[in-house]
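Number of protein chains: 4
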Amino acid sequence: MTQDTTKIATFFGCHSPHLIDCLVTYCYSVGMARPKSEDKRNAIMEAATRAIASQGLSASTALIAKEAGIANGSLFTYFETKTDLFNQLYLELKTEMTAAAMKDLPESGDLRKQVFHAWSNWIYWAVSNPYKRYALRQLNVSDGITPATRSAADKVAVEFNDLIKRIRAHGSLQTAPFSFVGALLNGLAEATIVTMVNDPDNAEKHCKTGFETFWRAIS
Amino acid sequence: MTQDTTKIATFFGCHSPHLIDCLVTYCYSVGMARPKSEDKRNAIMEAATRAIASQGLSASTALIAKEAGIANGSLFTYFETKTDLFNQLYLELKTEMTAAAMKDLPESGDLRKQVFHAWSNWIYWAVSNPYKRYALRQLNVSDGITPATRSAADKVAVEFNDLIKRIRAHGSLQTAPFSFVGALLNGLAEATIVTMVNDPDNAEKHCKTGFETFWRAIS
Amino acid sequence: MTQDTTKIATFFGCHSPHLIDCLVTYCYSVGMARPKSEDKRNAIMEAATRAIASQGLSASTALIAKEAGIANGSLFTYFETKTDLFNQLYLELKTEMTAAAMKDLPESGDLRKQVFHAWSNWIYWAVSNPYKRYALRQLNVSDGITPATRSAADKVAVEFNDLIKRIRAHGSLQTAPFSFVGALLNGLAEATIVTMVNDPDNAEKHCKTGFETFWRAIS
Amino acid sequence: MTQDTTKIATFFGCHSPHLIDCLVTYCYSVGMARPKSEDKRNAIMEAATRAIASQGLSASTALIAKEAGIANGSLFTYFETKTDLFNQLYLELKTEMTAAAMKDLPESGDLRKQVFHAWSNWIYWAVSNPYKRYALRQLNVSDGITPATRSAADKVAVEFNDLIKRIRAHGSLQTAPFSFVGALLNGLAEATIVTMVNDPDNAEKHCKTGFETFWRAIS
DNA sequence: CATGAATGAGCGTTCATTCAT
DNA sequence: GATGAATGAACGCTCATTCAT
Numbered sequence: 004m005t006q007d008t009t010k011i012a013t014f015f016g017c018h019s020p021h022l023i024d025c026l027v028t029y030c031y032s033v034g035m036a037r038p039k040s041e042d043k044r045n046a047i048m049e050a051a052t053r054a055i056a057s058q059g060l061s062a063s064t065a066l067i068a069k070e071a072g073i074a075n076g077s078l079f080t081y082f083e084t085k086t087d088l089f090n091q092l093y094l095e096l097k098t099e100m101t102a103a104a105m106k107d108l109p110e111s112g113d114l115r116k117q118v119f120h121a122w123s124n125w126i127y128w129a130v131s132n133p134y135k136r137y138a139l140r141q142l143n144v145s146d147g148i149t150p151a152t153r154s155a156a157d158k159v160a161v162e163f164n165d166l167i168k169r170i171r172a173h174g175s176l177q178t179a180p181f182s183f184v185g186a187l188l189n190g191l192a193e194a195t196i197v198t199m200v201n202d203p204d205n206a207e208k209h210c211k212t213g214f215e216t217f218w219r220a221i222s
Numbered sequence: 004m005t006q007d008t009t010k011i012a013t014f015f016g017c018h019s020p021h022l023i024d025c026l027v028t029y030c031y032s033v034g035m036a037r038p039k040s041e042d043k044r045n046a047i048m049e050a051a052t053r054a055i056a057s058q059g060l061s062a063s064t065a066l067i068a069k070e071a072g073i074a075n076g077s078l079f080t081y082f083e084t085k086t087d088l089f090n091q092l093y094l095e096l097k098t099e100m101t102a103a104a105m106k107d108l109p110e111s112g113d114l115r116k117q118v119f120h121a122w123s124n125w126i127y128w129a130v131s132n133p134y135k136r137y138a139l140r141q142l143n144v145s146d147g148i149t150p151a152t153r154s155a156a157d158k159v160a161v162e163f164n165d166l167i168k169r170i171r172a173h174g175s176l177q178t179a180p181f182s183f184v185g186a187l188l189n190g191l192a193e194a195t196i197v198t199m200v201n202d203p204d205n206a207e208k209h210c211k212t213g214f215e216t217f218w219r220a221i222s
Numbered sequence: 004m005t006q007d008t009t010k011i012a013t014f015f016g017c018h019s020p021h022l023i024d025c026l027v028t029y030c031y032s033v034g035m036a037r038p039k040s041e042d043k044r045n046a047i048m049e050a051a052t053r054a055i056a057s058q059g060l061s062a063s064t065a066l067i068a069k070e071a072g073i074a075n076g077s078l079f080t081y082f083e084t085k086t087d088l089f090n091q092l093y094l095e096l097k098t099e100m101t102a103a104a105m106k107d108l109p110e111s112g113d114l115r116k117q118v119f120h121a122w123s124n125w126i127y128w129a130v131s132n133p134y135k136r137y138a139l140r141q142l143n144v145s146d147g148i149t150p151a152t153r154s155a156a157d158k159v160a161v162e163f164n165d166l167i168k169r170i171r172a173h174g175s176l177q178t179a180p181f182s183f184v185g186a187l188l189n190g191l192a193e194a195t196i197v198t199m200v201n202d203p204d205n206a207e208k209h210c211k212t213g214f215e216t217f218w219r220a221i222s
Numbered sequence: 004m005t006q007d008t009t010k011i012a013t014f015f016g017c018h019s020p021h022l023i024d025c026l027v028t029y030c031y032s033v034g035m036a037r038p039k040s041e042d043k044r045n046a047i048m049e050a051a052t053r054a055i056a057s058q059g060l061s062a063s064t065a066l067i068a069k070e071a072g073i074a075n076g077s078l079f080t081y082f083e084t085k086t087d088l089f090n091q092l093y094l095e096l097k098t099e100m101t102a103a104a105m106k107d108l109p110e111s112g113d114l115r116k117q118v119f120h121a122w123s124n125w126i127y128w129a130v131s132n133p134y135k136r137y138a139l140r141q142l143n144v145s146d147g148i149t150p151a152t153r154s155a156a157d158k159v160a161v162e163f164n165d166l167i168k169r170i171r172a173h174g175s176l177q178t179a180p181f182s183f184v185g186a187l188l189n190g191l192a193e194a195t196i197v198t199m200v201n202d203p204d205n206a207e208k209h210c211k212t213g214f215e216t217f218w219r220a221i222s
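Listed below in structure tokens is the structure:
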């Protein structure tokens, strides 16, 4: 018997072993057949990331399925269409990237230090996850990513953006559209990442330089 | 129709306008005049630019040919493969963009003014040629663009880069790899362009802000 | 819920409505009451009829299952294959149609009146059950219906056919193959039905005209 | 040199051999590359007819192409979609059938003789072209045949229908909708054909019986 | 050199059927 | 017995490229 069934039984305030047996049978008998596996979904996501990294957005669903170790058609149990998969992947990668940036952010203290912390997290996540970074870059220019997905992706970055808004508040870009600051930040991050990847021996230095350049730009 | 072909037609004792039209074409086809291939090549390039802008890199060669007003197969007398076409297009667009940036550059005088001139030219070229900009952005992330093409594209920008190198010589980025500065510049330009396109009423202001941000970043 | 299951639930000392619901299902599933399979079989048959009416014979088993309110795979515990389902459906619809035709047939009396009674019943059944009629029409031309099914379908109509044979006995078609008379009757019925459906205001008149036409044809 | 080119040259009133040579070259050079072959179109039509006869409407385009002796994709140079092919095939078969029925129709004389002539032609065409008849029957119940195609098919039968209208003018079905008479005729023809196919030794007799039955029905 | 029909591998997606739960 | 995820062959259709005309 699985933990889940026991939980359900307990939820109903029932400890009779026989009744629990009924429940087990019941659970199997109604709507509990082989649940969609989170593992498999993740495998598809990862396979798609790798496939996009190596073939671009024209990577075939067949390749993605094969890389994920599932049958051709199974992909469509998890994602309605290729476009749907790509939209979900885009959102997931953006979410992961943002979460990585905000990880262990010092809650208070020097604003500069906070931003540098987030910057470093971000940059190192990108450098450590080259496939994800590359896939994100491709998905970013794809026509298939819907406005809804893009706006959802913006929403996950709200905390991060608040941070940026706070630094902007005192510098030369107070009156510039926020989107300009965001794009500037992205561009600088991209430049920094590429530089670090090309010259990993001085990675830390380049990361710092990138940040300082950003700080000057926004001052 | 040229005088020459009329003469030839008359020589054959034929005055039917349609037949003369045939003759004109025939005369061109047997090399009596230079074939219009340069025109056709350009038409394909432009058609490809538009097609990429509207359909992405997956725009079919059939569509491109149709837009260029030529037959399906004729495209392949001008470009060996689709990839070849895209490589040449990439190089041509980059060349055109660079040339636009360097146009009428004041040969001497204040360095800041020179750079601002190039910056403005660049940004305005991009804003005025949205299809080309969009196509360039797509081609830039394409797997099909060969390293050879990319390095050729770098070469056409040598003059422009020299300019950048001269400003870098005195600021905080003296020791940063030049590629970092280039990527920074690209990122900032992209950010500026998008901002201008979204808010065309303040285009000039955004162009200036972008430049000043770059100047601070590099100082 | 039946009294029986409530008793069982009480026996287990449990009064949660949801859990009792579980138990009811469980009790059924272990054979404490006859499984509702007959109901489900019928639900599938009806669902298939509707599905064929709306999508043709290419209606998917998934759609049929969904319309029947059962799971995808459950369909195959009631029918070995899709073809099997269609064969059974064909036979069932033909049987129902024939039964409808023969309903309340006056046992004796004027032969013409008897036949008109059956004709009317038949035609009105078809007009009142458009989905069934449509499905039957599609199944009739399907390659999947086996000769065995077709001959079984003929057998259920034996009583009806006897009636027809009795009228034939005195007319111009005495020596024609019976199958010709059957096909003639079918063709006329189909023509009558369509005419009635297209002009329902004169349905009764068209039904009569159809019958009289048949009577003349067979005289 | 082909006949066609000579014709064109003559049309232009030009007999100079050299000029004709120009024309040949010209014709090839503009818009005269491998014209869509009528033969191939017909081969596809015939292949589709056979495929539908053996597999029903679910016959795959791949099979049709293979049977037609062309590549998979070539089918789509001749027909935009499978549905398009089926619509054109339906119209063509109906047209052929109608033309067969009306062939060598005696222009004047006994109406009964005229109709019998058409009836015989029709029935014998169907009996001699079993694939076509079968395909037509399948296409007739297909959801993919558009109303436009159906109405076009009606139009080709206008002459035939006029004949029927003339016999109807004096019998019991004067006030019945014409569509009823048409459906009656179809039904009877179908019944007659099947009977003939099943008992070819008495084909002629069955054909006559069918006609007489029709004549009685309509009287 | 221009043309567009021909090619066939490949695409995204569907679906009857199986089977672990 | 019920479930629905899993399967993989097939489907209709597209497309870069070739080549007869």
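Chains as they are written, first to last, in the numbering used here: chain H, 4 to 222; chain Z, 4 to 222; chain S, 4 to 222; chain U, 4 to 222.
For every residue, glycine included, the Cβ atom is placed at its ideal position computed from N, Cα and C.
Remember, predicted model here, so these are calculated numbers, not experimental data.
Beta-carbon of S182(U) versus every beta-carbon of chain S: anything under 9 Å?
-> Stepping through the fourth sequence from its first residue, residue 182(U) is reached at position 179. For S182(U), the answer is yes, since a Cβ of chain S falls inside 9 Å of its Cβ.
Taking 9 Å as the CB-CB cut-off, is N164(S) touching chain U?
-> Position 161 of the third sequence holds residue 164(S). Answer no: the Cβ-Cβ gap between N164(S) and chain U never drops below 9 Å.
How is P180(H) classed by DSSP in three states: helix, strand or coil?
-> Translated into the one-based positions of the first sequence, residue 180(H) becomes position 177. Coil at P180(H), not helix or strand.
Kindly give me the distance between the Cβ atoms of A186(U) and V197(S), rounded to whole angstroms, as I take these residues to be in contact under 8 Å.
-> Taking the fourth sequence and counting its residues from 1, one reaches residue 186(U) at position 183. Taking the third sequence and counting its residues from 1, one reaches residue 197(S) at position 194. Yes, A186(U) and V197(S) are in contact; Cβ-Cβ is about 6 Å, under 8 Å.
Chain-ordered chain Z contacts of T198(H) [CB-CB under 8 Å] | Position 195 of the first sequence, counting from 1, holds the residue named residue 198(H). Counting only Cβ-Cβ distances below 8 Å, T198(H) has contacts in chain Z at A179, P180, S182, F183 and A186, in chain order.
Reduced DSSP secondary structure (H/G/I, E/B, other) of A138(U) | As a position in the fourth sequence, residue 138(U) is number 135, starting the count at 1. It is helical.
Report yes if the CB atom of T149(Z) is closer than 9 Å to the CB atom of N201(Z), and no otherwise.
-> In the second sequence, residue 149(Z) corresponds to position 146, counting from 1. In the second sequence, residue 201(Z) corresponds to position 198, counting from 1. Not closer than 9 Å, so no.
Pull up the CB-CB distance for K135(S) and L96(S), whole angstroms please, since I reckon it's below 8 Å.
-> Against the third sequence, residue 135(S) aligns to sequence position 132. Against the third sequence, residue 96(S) aligns to sequence position 93. Right, their Cβ atoms sit about 5 Å apart.
Three-way DSSP call (helix, strand, coil) for K211(U) in this model | Walking along the fourth sequence from the start, residue 211(U) turns up at place 208. In this structure, K211(U) counts as helix in the three-state DSSP scheme.
Note the first and the last residue of the continuous alpha helix (DSSP H) segment covering E70(H).
-> Here residue 70(H) is taken as the residue at index 67 of the first sequence, counted from 1. In the DSSP assignment, E70(H) falls within the unbroken alpha helix (DSSP H) covering T64 to A71.
Cutoff 6 Å; reference L176(H); Cβ partners in own chain excluding five residues on either side = For the purposes of this step, residue 176(H) is taken as residue 173 along the first sequence, with counting starting at 1. Excluding positions up to five away in sequence, the list reads V184 and I221.
What residues of chain S sit near T212(U), judged by a beta carbon separation below 9 Å?
-> By one-based count along the fourth sequence, residue 212(U) stands at place 209. Those are S175, L176, T178, A179 and F183, listed as they occur along chain S.
Under 8 Å Cβ to Cβ from L188(Z), same chain only, skipping five residues before and after it: list those, please.
-> Residue 188(Z) sits at position 185 when you count from the first residue of the second sequence. Taken in chain order, the residues that qualify are I167 and F217.
Beta-carbon proximity of M100(Z) to W125(Z), cut-off 9 Å | As a position in the second sequence, residue 100(Z) is number 97, starting the count at 1. As a position in the second sequence, residue 125(Z) is number 122, starting the count at 1. For M100(Z) and W125(Z), yes; Cβs fall inside 9 Å.
Please name the residue in K106(Z), L191(Z) and A62(Z) whose C-alpha comes closest to that of Q141(Z).
-> Indexing the second sequence from 1 puts residue 141(Z) at position 138. For the residues K106(Z), L191(Z) and A62(Z), the minimum Cα distance to Q141(Z) belongs to A62(Z).
Determine the direct distance from the alpha carbon of L139(Z) to that of A156(Z), and round the result to whole angstroms.
-> Here the question's residue 156(Z) lines up with position 153 in the second sequence. Here the question's residue 139(Z) lines up with position 136 in the second sequence. Straight-line Cα distance between these residues: approximately 12 Å.
Mind checking if D202(S) is an interface residue toward chain U, Cβ cutoff 9 Å exclusive?
-> Sequence index remark: in the third sequence, residue 202(S) carries index 199 (1-based). Against chain U, the CB of D202(S) has a partner CB under 9 Å away; the residue lies at that interface.
Amino acids of chain Z, ordered along the chain, whose beta-carbon sits closer than 7 Å to that of V144(H) = Along the first sequence, one-based indexing puts residue 144(H) at 141. Residues of chain Z whose Cβ lies closer than 7 Å to the Cβ of V144(H) are, in chain order, R140, Q141 and V144.
Could you tell me which chain S residues have their CB closer than 8 Å to the CB of E193(U), listed as they occur along the chain?
-> Translated into positions along the fourth sequence, residue 193(U) becomes position 190. What E193(U) touches in chain S: A186 and G190.
Chain-ordered neighbours of A220(S) on chain U, where CB pairs are closer than 7 Å = The residue labelled residue 220(S) in the question sits at position 217 within the third sequence. Simply T216, R219 and A220.
Mind checking whether I47(H) and L88(H) have CB atoms under 9 Å apart?
-> Within the first sequence, residue 47(H) is the residue found at index 44, counting from 1. Within the first sequence, residue 88(H) is the residue found at index 85, counting from 1. For the 9 Å CB-CB criterion, I47(H) and L88(H) form a contact.
Distance, L66(S) Cα to A206(H) Cα | For this step, residue 206(H) is matched to residue 203 along the first sequence. For this step, residue 66(S) is matched to residue 63 along the third sequence. For A206(H) and L66(S), the gap between their C-alpha atoms comes out near 57 Å.
List the residues of chain Z whose Cβ lies closer than 9 Å to the Cβ of S61(H), in chain order.
-> By one-based count along the first sequence, residue 61(H) stands at place 58. By Cβ distance, chain Z contributes L60, S61 and D146.
Three-state secondary structure (DSSP) at A74(Z)?
-> Walking along the second sequence from the start, residue 74(Z) turns up at place 71. Residue state, collapsed to three classes: coil.
Report yes if the CB atom of G1(U) is closer than 9 Å to the CB atom of A50(U), and no otherwise.
-> Absent from the structure is residue 1(U), since the part of chain U shown begins at 4 and ends at 222.
Closer than 9 Å to chain Z by CB, H209(H) = For the purposes of this step, residue 209(H) is taken as the residue at position 206 of the first sequence. For H209(H), a Cβ of chain Z is located within less than 9 Å of the residue's own Cβ.
By Cβ distance below 8 Å, which residues in the same chain neighbour L78(U) in space, the five residues on each side in sequence not counted?
-> Within the fourth sequence, the letter at position 75 stands for residue 78(U). If we look at L78(U) and ignore the five residues flanking it on each side, its Cβ neighbours are I47, T64, I67, A68, A71 and L88.
Given T152(U), which residues of its chain have a CB within under 7 Å of its CB, disregarding the five upstream and five downstream residues?
-> Within the fourth sequence, numbered from 1, the residue matching residue 152(U) stands at position 149. Hits under 7 Å: N90, Y93 and L94.
When burial is assigned at 16 or more other CB atoms within 10 Å of the CB, is A194(S) buried or exposed?
-> Reading the third sequence from its first residue, position 191 is the one you call residue 194(S). With 16 or more other Cβ atoms within 10 Å, it is buried.
What are the boundary residues of the alpha helix (DSSP H) that S131(U) is part of?
-> As a working mapping, residue 131(U) is identified with position 128 in the fourth sequence. Boundaries of the alpha helix (DSSP H) harbouring S131(U): L114 to S131, taken from the DSSP string.
Nearest-angstrom beta carbon gap, R169(Z) and L114(Z) [assumed within contact, 8 Å] = Along the second sequence, one-based indexing puts residue 114(Z) at 111. Along the second sequence, one-based indexing puts residue 169(Z) at 166. That pair is a contact at about 6 Å.
Does DSSP put G174(Z) in a helix, in a strand, or in coil?
-> On the second sequence, position 171 is the one that residue 174(Z) refers to. Three-state DSSP puts G174(Z) in coil, outside helix and strand.
Out of P38(U), A172(U) and H120(U), point me to the one whose CA is closest to K211(U)'s CA.
-> Here residue 211(U) refers to the residue found at position 208 of the fourth sequence. Ranking P38(U), A172(U) and H120(U) by Cα distance to K211(U) puts H120(U) first.
Candidates F181(Z), G213(Z) and A102(Z), of which the one nearest L191(Z) by Cα = Working through the second sequence from its first residue, we reach residue 191(Z) at position 188. Residue G213(Z) is the option with its Cα nearest to L191(Z).
Are the CB atoms of F163(S) and A104(S) nearer to each other than 9 Å?
-> Position 160 of the third sequence, counted from the first residue, corresponds to residue 163(S). Position 101 of the third sequence, counted from the first residue, corresponds to residue 104(S). In contact: F163(S) and A104(S) (Cβ atoms closer than 9 Å).
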